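Residue numbers (our numbering), protein chains in the order written: chain H, 1053 to 1354; chain A, 1053 to 1354; chain Z, 61 to 317; chain Y, 61 to 317.
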């Protein structure tokens, strides 16, 4: 089944007010294009889930789309703070964001349980510290063989997962290489999956290297072709991280005025990703484009 | 660290009388060469573990190497029975093999627990059936969130795992494609890992495609270069399954006399794998050699 | 080697054809080797081209060029949509609830659709040691629709299984819902004589017979007093074009027919 | 751009060098970005060429060509020995007990090596919202040796952490063994003034000071009454060749120095 559609259509069909959502990716493959489209469509009261909410989550928060954040590390990686998040979660804030907080391993375990169809997941963690003390979703389970007490977290089944990949076919069979993060777990845990790809390829091409397929099309509902949809994050084999942007973001986002101005110019003020890309500094994409490091293929013959 | 050695050395250094052992592989990548070397070295009282004990496990049983079998499906896949196993496990047998039996998912879950450093693994299975009734290692765990009763199995930490792969470097970084079976789980669960490879390649070549690495060298103690070490099973991209052998095996193995004669000729009567290969029918290896189906490489540039 | 095509289906052909009729386009099927594989290939070649085949070996969306000789045949890997570890197959596909149809057979089946593939006789001192569960138990627990494909005889359709490897609708007096099993349980037993459906109590009843078979013949081949459904249907049989497809294209070497 | 090389190390250079001395050849290290990454690269370039670096992003055996600007920098992927999902990193590497050395820093540390990276102030109404745990909590629980690298001040070395994100040797009066934590707990706190070791009770004590620093200076920068080890050592400092390596080769853009 051909599931190809525009980002506008995919978001309109899958992200509704009040739903829970993951735009996944671990520094790699973070679909900023999807986040910006959600802001443009004016979604509200989202439960935004991700191990590493970063700039695009902060932009969703600043735009007023998010009611609750479920996370384990929130920052501008390698640079600084998420300022909208901080403004909405410190004692001085008038309108507080609801936070539900784990460590990476704990939140990942919630997604593992969701992806595996189990109601909970055990992990050896949290003994003594304060994370479990302030989060009632972290409980204890006792090993029926050793009597050892372990932490347990409940399955997480997000309403929607948005997974960016290097290539996919029109059915949503998605291939990823480089960092895999928690993309597989997020996709299998979610009730609905939107795949966004740098490249749309034929199903025959996917079938040439089946071990690269991270998300099978049977769990995917929409497929969007959105090259450079991850800028300023990176896509291995396609483009580097725009580190200058991450550094500049610290200044842009520190003051609500400059933050709103940026959103006006680059999110509300553009109609789609092509329009966003056209507003970037001339020559930037060429500068970020990856220098080829192609590996050999392997032999699937018999 | 260079861990290359001969199969003889690897087995002598890692497999001891009474130890627990997995020679893994799911129809694909089953290291018959390792099993034969264990028989030649006269090991006894092994606990042989595998989801799908097949011909080489049956040969270990016939040769008297095995005291206990931990398994979930024992047969000659697509053909028939394992006759040594049957002779040692039916009511009429004088000397009975100890059997510990799961379903695939259950035994895999034991290995998952072992590989993840947890004392147990939960799975939604076994309700009502007889598998859990006859196996005291299958217990129940209650979800601390939903109250749901689930099956639980204890971690399995085999003493030794033997993992065949398409290619590895001298440190044991092993790359596998095609069926992955439970090889990763077995390797991480085991206390000692022997990697056997069709091809030994440079570490630089492993680094060209890091997503293909299934077993990292840091958990590997010995590396053996043994091309065709999996015959009569198959190695994707190298050679097909020798199906005629599997079919013939039914007749060879049905009678203890013909079974012993085969072991004499092809196991006890050869000094190593090269010697075994030399005894195979002329032209067989050429017939089984894979017809190339090489996929494209992917780009790891940035 | 070409012989005149017989218009009379063999028992295997009947079962493969009848099983194929249970498959709908785009069903996600957990495929076993042998007749289930043939039934799936037949469905794909006829009314269900979008049938999605998953093998416990890890091949997802496989389109084998040759009839696989084992569940882990290399032809299942080449050109499949994805190949994943078995942990993903059992956890993320089966336990996660993505499998619509499972296929099982066995040495014994009882009226509740419980299946034995473990031992004949006492577990500790078996007369015959069978291969065991493999993935059968979890398929029986999780598949939304379970098709049982077995030849009928008093030896195989038994009052009580010697061992319940794969649970059906009722085990030791308890219904599967009480036992917390998420899958739907057995939908049908497809045999060489007819087809058994399951009634509201979870008991198998004779629902279809092939044109040349009488209900008495079926009952005589069953080890429990088999009830007959109110409206007994005639089971569909393959026509000559289907037989040609099966014999000449799908299993030309007659591995399973 | 070339300036005369100062032979006096900066605080960051001191800490990177001193941390590198803790690493042994072939140690498996769970590497964080910033100073820990620099310390590892320095160790690899000098006495521990076989240091094995694992990043929580999934890069295993990475040998980045450039200094990574984030823990998931693409340069960590290219030419690494393996790239795996984060589930494998946390389950099969960390929880499985394969990580020898972990590195952590934070906004606050107490005498037991408990670390806070979550909030300053009350959790529900924080004065400052910090990034949170990330992988820190599980690294503190599982690493066999944990190195804490932090600049010292009364604000950061506190009597009691506002929030214990990553447990040390003693949390709320309980020792880590009682709490069932498999890792060894903090081995040392490496600061810009000196190095703290942990005594048999799990309390941090001053064990080393840099040549230009007095024990009084260190105690003045500590929020609890810091005890001094019986034999106070002089902390090793980088010589000119190491400084050249750090400044010209390992962090030429001075991202972290």
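Even for Gly, the Cβ is constructed at its ideal location relative to N, Cα and C.
Note that the structure is a prediction, hence the values are computed from the model and not measured.
Three-way DSSP call (helix, strand, coil) for residue i in this model
i                      : result
residue 1181 (chain H) : coil
residue 61 (chain Y)   : With a pLDDT of 43 at residue 61 (chain Y), under the threshold of 50, the predicted position of this residue should be treated as unreliable, and no value is reported.
residue 168 (chain Z)  : strand
residue 1124 (chain A) : coil
residue 126 (chain Y)  : coil
residue 268 (chain Y)  : strand
residue 1310 (chain H) : helix
residue 1225 (chain A) : coil
residue 1331 (chain A) : helix
residue 1072 (chain H) : strand
residue 187 (chain Y)  : strand
residue 1057 (chain H) : strand
residue 150 (chain Z)  : helix
Contact list for residue i against chain B, beta-carbon separation under 7 Å
i                      : result
residue 1195 (chain A) : Of the protein chains in the structure, H, A, Z and Y, none is chain B.
Classification of residue i by the beta-carbon crowding that lies within 10 angstroms, buried from 16 upward
i                      : result
residue 1287 (chain H) : buried
residue 62 (chain Z)   : Low local confidence applies: a pLDDT of 48 at residue 62 (chain Z) is under 50, so the model's placement there is unreliable, and no value is given.
residue 65 (chain Y)   : exposed
residue 1236 (chain H) : buried
residue 219 (chain Z)  : exposed
residue 1199 (chain A) : exposed
residue 185 (chain Z)  : exposed
residue 215 (chain Y)  : exposed
residue 128 (chain Y)  : buried
Heavy atom of the ligand HEM within 7 Å of residue i beta-carbon
i                     : result
residue 292 (chain Z) : Because no ligand of any kind appears in the structure shown, any question about the ligand HEM cannot be addressed here.
Rounded straight-line distance, which links the Cα of residue j to that of residue i
i                      : j                      : result
residue 1285 (chain H) : residue 1086 (chain H) : 13 Å
residue 1182 (chain H) : residue 167 (chain Y)  : 15 Å
residue 101 (chain Y)  : residue 201 (chain Y)  : 25 Å
residue 134 (chain Y)  : residue 1134 (chain A) : 50 Å
residue 285 (chain Y)  : residue 192 (chain Y)  : 28 Å
residue 98 (chain Z)   : residue 76 (chain Z)   : 6 Å
residue 1137 (chain A) : residue 1149 (chain A) : 8 Å
residue 1075 (chain H) : residue 1059 (chain H) : 13 Å
residue 1267 (chain A) : residue 1240 (chain A) : 8 Å
residue 1124 (chain A) : residue 1331 (chain H) : 60 Å
residue 1355 (chain A) : residue 241 (chain Z)  : Chain A is shown from 1053 up to 1354; residue 1355 (chain A) falls before or after that span and cannot be answered.
residue 1161 (chain A) : residue 1104 (chain H) : 29 Å
residue 1122 (chain H) : residue 1349 (chain A) : 37 Å
residue 139 (chain Y)  : residue 1247 (chain A) : 21 Å
residue 114 (chain Z)  : residue 156 (chain Z)  : 14 Å
residue 181 (chain Z)  : residue 1318 (chain A) : 36 Å
residue 231 (chain Y)  : residue 1145 (chain H) : 31 Å
residue 308 (chain Z)  : residue 118 (chain Z)  : 28 Å
residue 224 (chain Z)  : residue 1192 (chain H) : 34 Å
Segments assigned alpha helix (DSSP H), at least 4 residues, entirely inside the segment 75-121 of chain Z: 95-105
Residues from the segment 1256-1273 of chain A in contact with chain Y, defined by Cβ distance under 9 Å: 1256, 1258, 1259, 1260, 1262, 1263, 1264, 1265, 1266, 1267, 1268, 1269, 1270 and 1271
Selection of the segment 273-288 of chain Z by Cβ proximity to chain A, strictly under 7 Å: none
Members of the segment 120-152 of chain Z near chain H, C-beta cut-off 7 Å: 120, 121, 134, 135, 137, 138, 139, 140, 141, 142, 143, 151 and 152
Where the segment 225-238 of chain Y meets chain H: residues whose CB sits under 8 Å from a CB there: 225, 226, 227, 231, 232, 234 and 236
Inside the segment 1233-1281 of chain H only - alpha helix (DSSP H) runs reaching at least 4 residues: 1235-1241 and 1255-1259
Those runs of the beta strand (DSSP E) which lie wholly inside the segment 1113-1179 of chain A and span at least 3 residues: 1118-1123, 1150-1153 and 1172-1175
4-residue-minimum alpha helix (DSSP H) runs that sit fully inside the segment 216-304 of chain Z, ordered along the chain: 275-280 and 300-304
Members of the segment 299-317 of chain Z near chain A, C-beta cut-off 8 Å: none
Proximal residues, the segment 106-118 of chain Y versus chain H, C-beta separation under 8 Å: 116, 117 and 118
Completely contained beta strand (DSSP E) runs for the segment 1071-1105 of chain A, where each covers 3 or more residues: 1072-1075 and 1098-1102
Near-chain H residues of the segment 1203-1221 of chain A - C-beta to any C-beta below 7 Å: 1204 and 1206
Positions along the segment 162-178 of chain Y whose CB lies within less than 7 Å of some CB in chain H: none
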